[in-house]
Amino acid sequence: MADTRPDYASEVRFGLVMYGGVALAIYINGVANELYELACATPKRGDVPAPEGSTRAVYRRLSWLLRDPALRSAYLAHLDGQGADPFAAGDPPDSDTRVRFVVDVISGTSAGGINGIFLAKALAQGQAFAPLKTLWVQEGDIARLINDKASYEGIEFAKREGAPQSLLNSDRMYLKLLQAMEDMAQAVPPVGQDESALSDELDLFVTTTDIRGAVVPLRLADKVVYEKRHKQVMQLQYRGAGGRTLYSDFRTELTPFLAFAARCTSSFPFAFEPMSVDDALRLARLRPGGGGLEVSAWRGYLKGLSADDLASGQWQRRAFGDGGYLDNKPFSYVVDALSWRLSALPMERKLIYVEPTPDHPERERQVFDAKPDALENAVDALTRIPQYETIREDLEAVLKRNRRIERVERIVRRVELDVETLKEEPFARVLLDQDGQVPDWSALDLGDMITYYGAAFLPYRRLRLVTVSDDLADRLAMRWGVDRHADLQYAMRALVRAWREAHYFEHREEATSERSASVNAFLETYDLGYRLRRVGFLLRKTHQLGRLVHALRDPAGRLGDADEALRQRLQRHGDPAELARHPALGAALTQLRQGLARALGELREACWPGPEQRPSLGSEEERRQLQRLLKLLMGEALDPPLDSLPDETGAAVSVAGQRLPPLDPQLTLQENVFARAQALFRLAGAGRRTRLQALLEEDLQTLGGQFRRYTRRSEERRASALLVRELLGQPRLVAREEGGRQRVRVALQPVADTGDDAALNSPVGTALRALLAEYYLRFDEYDQASFPLYYDTGTGEPSTVEVLRVSPEDAPSLVAPGSGRRKLAGDSLFHFGGFLDARWRRNDIMWGRLDGAERLLAALLPGESDTRLRETLLAQAQRAILREEMAPEGYDELVQRFAQALLAQGQPTLQQAFGALWQQLGPDDAARGQRTAQALKAVLGDGGLLAYVAGQYEVNRQLDTPRMLDNAARAVTVTGRLLQDLEQRQRMQASRAVWLTRGGLALQGLLAVSLPGSLPTAVVRHGLMLLYAVEVLLLLGAWLLAATGTRDFALAALALTAVAHLATTLTGDMMVRRTGRLKAVVALLALLLAGLAAVGGWTLWQLGPTTLMCTVPGLADGMGSLCDDPADGGPDGTDESDDPAGSVGDVRPPPV
């Protein structure tokens, strides 16, 4: 087995949340790069060097300085010129305070999900993270992605006929993601056979959206209803220990699935098509040398789909959209993952989330004088509020978890202290058998346990039985393809409980031929969680012993209550002060920690079985039968009904629903389901076992056999629990005659084959083993206090979580808030800016790295006393990042040649040397400035470069206008083809959406003929001039010939032509950011409207108030004859139309 010697005394573990953000994912990539470098700085074997002058070297230095006050003082003194550099000769001597940095939980969505997948793969496989940066810079360009013929350059095999289905080339994105993952070469050597040096356990959560939705059942009190589930979360895991990879979803054969997951989560609407498994299969067939693709294993990652969906072939055609539709800030998965964490070392926990453009609601003006109007209310309800996703609830959950941990830990530590200080002998209550010997624990029944521990032991005992049974049900669900998060898992747990009660007795008088073993035997075989907790407890005690030794060696050291209780316990095995001075103490403690860490790793192997231990059991038909049986137990009506199942010979065994007890409304769902499961077992016991039952019971027995490899010695493997016993010297309880009475004592043997037998068999090693052996044998007393408190609280590791944000605003050392300088370029154009220019992408990656380094150092060195060290390390990290991101290739060589060139001028002053060299830098063209800038940048050196970035640097945000217009023209063309195809489809379906499509086509046409310098624009402008000429000639001819109709037509045509001309001109100006004519038109329109308003007001004034009131129907009725139309006749009944003085249409205001 590989050497897993712990090179670290503690750990800082990071959880990472990465949002969606379109091109802002490029900034997130820079932050992720620094987390990768942080993890690479402290691999499992701490003797792997880091490249000098890199941020990895800075973080590696920090791993020693973080918890070693003496080393920190020496380093700060060196910075003040008062001593030698403790790192001058490389790494300092072995330290028992070095800290390891680990990234073990990652959650991402949309483009943040892409970064998360690549980072997780790099950590799990020890691979380079750089290919993703290359992908962003080279392939994250809109010119390469626009979905026309040019986007198929290099992937001609994937070209599709017909109209495009998205603005950007979705197939190109998938293939380039896949290629980048395949280009991730090994960068950090593995430990042992193939264990990752960067990760013990890693969980990745990637969100996506099932656009059509999966129909899933929901059990109510009296019936089953159905709903759609759109949210999908793909969880990928890595587990490694003992020099081997135990389980990995990042292995080479799953690389196409990782690319599929990355493509799904980032399927931004309209920009990219939704992704399906069929798409991946099609591209795999077309890809040269790709061949077929085995996707059956992919089903296990699509946990949101129902079992019926997965059983059919329809799941391969399901379309998955962007994860940001429903979950753009996936915090909850990281928080939940902490509930199953267990570290071999003392640890701190940090949760980091990356938010490139934070909101500032505190700066918004809040108006409460009036309610929102109808339009504002509708807009908020339909767009703004649904798109605003708060993280307050997620962060509050973290804070509640912290408070819960602090409260529970305080109780548990107090209970442990109470147990430590009990006056009675540790094993005084142990019951002896008839021969005066300590009985076999697995043979004891519940009554014996109550006699020993008391009635208060019962809740703990019941809890262990339930959790072990539920864990077995989860194992069966994994192996049989049952959704562990659906209601059917409830029925699976009831089946396992019924099986346990049918085969294990609680009281000895209940034993039968079928129930021949005690539940203690059940726990001894299947309860790996208990052993995992026990090893963790012993590891914590070894770390506490280390602190105790440091305090005993320090004359001024003070002991807390817990350390004082441990000292008194250790005093039973020797004088603690003498033991602390023993030369073999350090080696003995190290060997104990090593053995316990190995045991923890092997138990993880059992709890997280590798792929070869997680087979897919049962045929498709048997799996379908199990699904139907579980539905029957839940009380669901089946169509067709399940009347029988085949036995082991194929004959039918009746399991008709009428033979099961009906659902009783007086009972809980759990009681009802369990009663039906028991009835099912009784039916099998009365007749023949079904083949399905035989397979499930056989699978449980197989699991028991696998677990025994970790609890008992075998030829093929040294079991982990046995390793702990061997490490401690085979501790066991024995009864001895002392002082005229039987006393129970712990017996130990000398150890062998542990790696350092001399240290463990020395007096101090024996004392330490004896102390730990007591904890090992008495663990029930501690576990029954802590396990019920922690169970089902979502607490997991007893470590609080500090939450930190990484954003451009949170890292002010180089660009202070309010300075007027902006860091990012990708936040422009609705966060699409990064796709427009490679310079912008490099800039955003650089700032992501700079901000990430600053925030990481602030998280690790947060105190006032850490300021000097934090600023020093930050400056080192910033210089390393700028050297890598800004300095041209051949940096050192360029500096040397530049200095030589200056000396070669032979000038008496540096100014004259520069002047002479300036003349030799080449022709005075545009490239000359760039060459000079690069040379001067190199001459400035790291310090000057850092000062330049801190004081002056800001990326050039001027776009290449011709290139932008060319891309815009291509995008407009693609959009037009897409909308045209959509219109044809909608027209065939007689949909009203066709008018929306036509509106889009009209807008696309306007853009196409407005692009300055384009051929369509030139043609349209020429056509407009011809129209003007024809319309003017037509207007002149109509005037000369007095043709009124022709004149009106010419005027209308002239007006329409002018409007079209104005629209294309203003649109073109806006596209190249010319605003002069637009402002003039707006001013002219404003004057025109003001003039029309003045004329209208004057006309209303002339009409008078009576005429105005008569236009209102309600007022006109009340005003009677005053509002009569004079044309209808006068008061004398005569028709005023006959009045020669009158005229038709002559309107006179009535006399006032």
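Taken in order, the sequence shown gives residues 8 to 1159; the numbers are from our numbering. Heads up, the beta-carbon is just placed ideally off N, CA and C, and yes, glycines get one too. Since the structure is predicted, the reported quantities are computational estimates derived from the model, not experimental observations.
Counted as a single uninterrupted DSSP element, the stretch harbouring residue 359 is not any alpha helix (DSSP H) but the beta strand (DSSP E) occupying residues 354–361. Look at residue 479 here: in three-state DSSP terms it is helix. Residues 733, 734, 736, 764, 767, 768 of the same chain have their beta carbon placed closer than 7 Å to that of residue 758, with the five preceding and five following residues left out of the count. Sequence-distant Cβ neighbours of residue 592 in its own chain, meaning closer than 6 Å and more than five residues away, are 771. Annotation: residue 57 to residue 454 spans about 60 Å, alpha carbon to alpha carbon. With respect to residue 21, residue 357 sits close: the two C-beta atoms are nearer than 8 Å.
For residue 833 and residue 950, the gap between their C-alpha atoms comes out near 27 Å.
Counting the other Cβ atoms within 10 Å of the Cβ of residue 414 gives fewer than 16, which makes it exposed. Taking 3 residues as the minimum length, the beta strand (DSSP E) runs contained wholly in the region 220–249 are 231–248, in order along the chain.
Beta-bridge analysis with DSSP links residue 511 to 524. The bridge partners DSSP lists for residue 1018 come to none.
Taking a 10 Å sphere around the C-beta of residue 277, we find fewer than 16 other C-beta atoms and assign the residue as exposed. Taking 8 Å as the cut-off, the Cβ atoms of residue 245 and residue 209 count as close. Counting only runs of 4+ residues, the alpha helix (DSSP H) found wholly inside the region 324–351 occupies 339–344, in chain order.
Bridge pairing for residue 24: 114, 360 [DSSP].
Rounded to whole angstroms, residue 858 and residue 889 show a C-alpha spacing of 12 Å.
Judged by DSSP in its simplified three-state form, residue 835 adopts coil rather than helix or strand.
Two segments are said to touch when three or more pairs of C-beta atoms, one from each, lie closer than 8 Å; by this definition the region 239–255 touches the region 302–312. Taking a cut-off of 8 Å on C-beta distances, the region 122–142 touches the region 210–222, as three or more cross pairs fall below it.
Each of 27, 229, 116 was checked against the Cα of residue 672, and the nearest Cα belongs to 229. With contacts defined as CB atoms closer than 8 Å, residue 860 and residue 884 qualify as a contacting pair. Exclusion of the five residues before and after residue 1041 leaves 1053, 1057 as the residues of its chain whose Cβ lies within less than 7 Å of its Cβ. Cβ-Cβ separation between residue 191 and residue 138: approximately 5 Å, consistent with a contact (criterion under 8 Å). Taking the C-beta atoms as reference points, residue 131 is found nearer than 8 Å to residue 203. Contact between residue 846 and residue 963 is confirmed by a C-beta separation of about 7 Å, below the 8 Å threshold. The closest CA to that of residue 294, considering only 185, 683, 785, is found on 185. Between residue 1075 and residue 1019, the C-beta gap is smaller than 8 Å, which places the two residues in contact.
For residue 653, the enclosing beta strand (DSSP E) covers residues 651–653. For residue 697 and residue 495, the gap between their C-alpha atoms comes out near 20 Å. Residue 216 sits close to residue 237, with the two beta carbons spaced by under 8 Å. For residue 753, the enclosing beta strand (DSSP E) has its first and last residue at 748–754. In the three-state DSSP reduction, residue 688 falls in the helix class (H, G or I). When the alpha-carbon of residue 170 is set against those of 828, 806, 156, the nearest one is in 156. Rounded to whole angstroms, the gap between the alpha carbons of residue 432 and residue 74 is 38 Å. By the criterion of a C-beta distance shorter than 8 Å, residue 152 is surrounded in its chain by 146, 158, 175, 176, 179, 180, 842, once the five residues flanking it on both sides are discounted. Less than 8 Å separates the beta-carbon of residue 952 from that of residue 893.
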